[in-house]
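Engineer: In my numbering, the protein residues as written are 2 to 388. I have a structure I would like to understand better, so I am pasting it below and will then ask my questions one at a time.
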């Protein structure tokens with residue numbers, strides 16, 4: 002006799018149905034976890050920067066410059082049609098807040114890289130985080146030599162260091178046969194860090210520091226600082242200082258010291274010219290980026306066109322932000338289809354003598370500091386720079 006089999010009914014509880022549905026949803030491509038910074042729509046970059054507080058005005062122009070470069074890049078199609086987006090978090094120039102922001106940008110926003118951090122202490126606090134999280138920082142707004150003394154696998158710079166600037170300043174004195182210089186430095190971590198750097202370079206080049214004075218960042222002791230430096234009659238004065246405190250010092254030095262004054266690139270040229278007017282005439286600057294008014298390279302022509310379109314004045318400060326962003330984007334554009342933190346590191350290390358159109362980046366696995374370009378410019382009549 003032929004036996005007929007009847008399948009047993011499968012009983013599934015409501016709870017099992019819910020769990021099965023949830024499991025299917027979580028394994029669906031729609032719910033798959035994206036790689037850091039590599040979403041289908043945007044390539045995410047993180048930046049902790051002073052958007053408030055006393056340091057914020059110094060960064061406004063830099064941020065406008067970098068935003069122009071980013072807008073220009075995305076308008077041309079980004080990376081294979083994907084735009085690059087920079088997520089900015091305010092740290093108020095506070096070191097702890099900067100470190101907290103970096104953790105948040107990596108852990109919550111899943112950025113593929115950090116960019117454009119603005120303080121030496123903030124970058125210093127970030128370096129251990131980069132090592133732990135394995136996310137790079139490409140391009141900063143500080144040239145502190147202390148950050149570059151030891152190779153870091155995830156830290157890349159795109160401009161020369163403050164030490165490179167000091168070498169240029171003192172080389173100028175040697176060329177002009179000046180052997181006695183004065184030193185003025187900010188009474189803050191930047192100034193205190195740079196004093197031994199200036200001393201070391203001066204000794205190497207046979208130049209004597211005959212007088213020195215600290216300067217409060219507010220400039221309340223500017224007259225006293227100028228008087229202290231003037232006592233030994235230096236042939237030139239090197240200033241390792243920035244911010245509004247240097248404005249009254251420069252005015253006092255004009256009448257009391259009567260010697261050429263040299264400022265580092267960090268001194269924020271535009272703000273200084275606006276504040277001093279004709280008193281800035283003759284002031285010497287070291288700069289770590291090309292002369293922006295000479296449109297002899299593709300990079301400078303593109304920068305000038307971007308500034309004209311935005312109805313903004315051509316200057317060094319906007320160019321600093323513009324060039325820093327262009328350097329980062331040059332790395333991103335070379336990575337390939339899938340952009341990851343490790344891919345960015347590997348790509349940057351392969352960028353040996355890459356010309357961005359008039360500015361060369363020179364990285365390697367053993368060198369993460371892409372430029373040592375420095376030149377000196379002097380403020381001429383009407384606030385114009387002369388080379």
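Beta carbons: idealized from backbone N, C-alpha and C, even for Gly. These numbers were taken from a predicted model, which means no experiment stands behind them.
Can you tell me whether residue 317 is helix, strand or coil according to DSSP?
Structural biologist: On the chain shown, residue 317 is found 316 positions in, with the first residue counted as 1. Taken through DSSP and simplified to helix, strand or coil, residue 317 comes out as helix.
Engineer: Tell me the start and end of each unbroken beta strand (DSSP E) in the region 70-138 that is at least 3 residues and wholly inside, in chain order.
Structural biologist: Inside the region 70-138, DSSP marks whole beta strand (DSSP E) runs of 3 or more residues at positions 85-91, from first to last along the chain.
Engineer: Taking residue 285 as the reference, which of 169, 296, 190 has the closest Cα?
Structural biologist: Numbered from 1 along the chain shown, position 284 holds the residue referred to as residue 285. Among 169, 296, 190, the Cα nearest to that of residue 285 belongs to 169.
Engineer: Go through its chain and collect everything with a Cβ distance to residue 353's Cβ below 8 Å, but skip five positions before and after it.
Structural biologist: Here the question's residue 353 lines up with position 352 in the chain shown. Around residue 353: 363, 364, 365.
Engineer: Between 54, 386, 92, which has its C-alpha nearest residue 376's C-alpha?
Structural biologist: What you label residue 376 is simply residue 375 of the chain shown in a count that begins at 1. For residue 376, the nearest C-alpha among the options comes from 386.
Engineer: Are three or more beta carbon pairs between the region 314-332 and the region 120-128 nearer than 8 Å?
Structural biologist: Result no; under three Cβ-Cβ pairs closer than 8 Å.
Engineer: Just mark residue 368 as buried or exposed, buried being the case when its beta carbon has 16 or more other beta carbons within 10 Å.
Structural biologist: By one-based count along the chain shown, residue 368 stands at place 367. Its Cβ having fewer than 16 others within 10 Å, residue 368 is exposed.
Engineer: Considering only the alpha carbon of each residue, which of 322, 349, 371 lies closest to residue 72?
Structural biologist: Residue numbering aside, residue 72 sits at position 71 when the chain shown is read from its first letter. Among 322, 349, 371, the Cα nearest to that of residue 72 belongs to 322.
Engineer: Please report the distance separating the alpha-carbon of residue 31 from that of residue 156.
Structural biologist: As a first step, residue 31 is located in the chain shown; it is residue number 30 there, counting from the start. As a first step, residue 156 is located in the chain shown; it is residue number 155 there, counting from the start. The pLDDT assigned to residue 31 is 37, lower than 50, so where the model puts this residue is not dependable; a value taken from the coordinates is nonetheless given after this. Rounded to the nearest angstrom, the two C-alpha atoms are 34 Å apart.
Engineer: Provide the residue(s) that pair with residue 60 in DSSP beta bridges, ordered along the chain.
Structural biologist: Position 59 of the chain shown holds residue 60. Beta-bridge pairing links residue 60 to no other residue.
Engineer: Taking C-alpha atoms, which residue in 175, 281, 294 lies nearest to residue 380?
Structural biologist: Residue numbering aside, residue 380 sits at position 379 when the chain shown is read from its first letter. Of 175, 281, 294, the residue nearest in Cα terms is 281.
Engineer: How is residue 274 classed by DSSP in three states: helix, strand or coil?
Structural biologist: Numbered from its first residue, the chain shown carries residue 274 at position 273. Residue 274: helix per DSSP, three-state reduction.
Engineer: Which first and last residues belong to the alpha helix (DSSP H) in which residue 309 is found?
Structural biologist: Reading the chain shown from its first residue, position 308 is the one you call residue 309. Start and end: 299-310.
Engineer: Would you decide whether residue 174 is buried or exposed? Buried here means 16 or more other CB atoms lie within 10 Å of its CB.
Structural biologist: Position 173 of the chain shown holds residue 174. It is buried - the Cβ of residue 174 has at least 16 other Cβ atoms within 10 Å.
Engineer: List, from N- to C-terminal side, the beta strand (DSSP E) runs of 3 residues or more that fit wholly inside the region 236-286.
Structural biologist: 237-241, 262-264
Engineer: DSSP has residue 212 in a bridge; who is on the other side?
Structural biologist: If you number the chain shown from 1, residue 212 lands on position 211. According to DSSP, residue 212 bridges with 183.
Engineer: Excluding the five sequence neighbours on either side, which residues of its own chain have a C-beta within less than 7 Å of the C-beta of residue 227, listed in chain order?
Structural biologist: Residue mapping note: residue 227 aligns to position 226 of the chain shown, counting from 1. Contacts found: 250, 253, 254, 257, 258.
Engineer: Roughly how many angstroms separate the alpha carbons of residue 348 and residue 151, rounded to a whole number?
Structural biologist: Translated into the one-based positions of the chain shown, residue 348 becomes position 347. Translated into the one-based positions of the chain shown, residue 151 becomes position 150. Rounded to whole angstroms, residue 348 to residue 151 spans 21 Å at the Cα level.
Engineer: Rounded to a whole number of angstroms, what is the C-alpha to C-alpha distance between residue 199 and residue 167?
Structural biologist: Position 198 of the chain shown, counted from the first residue, corresponds to residue 199. Position 166 of the chain shown, counted from the first residue, corresponds to residue 167. Distance between the alpha carbons of residue 199 and residue 167 is about 6 Å.
Engineer: Quick check: the Cα distance between residue 193 and residue 56, rounded to an integer number of angstroms?
Structural biologist: By 1-based counting over the chain shown, the position of residue 193 is 192. By 1-based counting over the chain shown, the position of residue 56 is 55. Whole-angstrom Cα-Cα distance: 18 Å.
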